[in-house]
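Just so we're aligned, residue 373 is where the sequence shown starts under the numbering used here, counting upward by one. Every residue, glycine too, gets a C-beta built ideally from N, C-alpha and C. Source: prediction; values computed, not measured.
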Amino acid sequence: MKIKQVTRVAVLGAAIALSFAAGAQQWPGRGPGPYAPYGAGQYGAGNPYAKQLNELAVKDPAKHDACFAQANDKNLRREARWKFMIDCMKK
């Protein structure tokens with residue numbers, strides 16, 4: 373009986389995890405990039421720079437990762453972070 377319950381929990385957990393993984397966006401080449409959707413509710417007012425950030429991120433993912441790490445080191449948030457990312461990726 374206990375093994376059956378553990379198996380059910382494991383299968384249910386795997387099913388939930390796979391459903392989230394299947395919905396995740398792939399980039400570059402597949403999907404609009406890491407800053408989609410452009411007016412996502414989770415950002416409140418949305419990210420007005422998302423379209424430009426996506427274009428730059430898909431163009432050069434390695435540079436995006438480097439700029440992202442720099443923004444993390446500087447502890448930038450929202451507007452300041454988005455502007456920094458655009459400036460950094462355009463260099």
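- Query: Quick one: is Ala452 buried, meaning 16 or more other Cβ sit within 10 Å of its Cβ, or exposed?
  - Reply: exposed
- Item | Three-way DSSP call (helix, strand, coil) for Pro420 in this model | coil
- Message: My output table needs one value for Leu448: the three-state DSSP class, helix, strand or coil.
- Response: coil
- Query: Roughly how many angstroms lie between the CA atoms of Lys435 and Cys460, to the nearest whole one?
  - Reply: 8 angstroms
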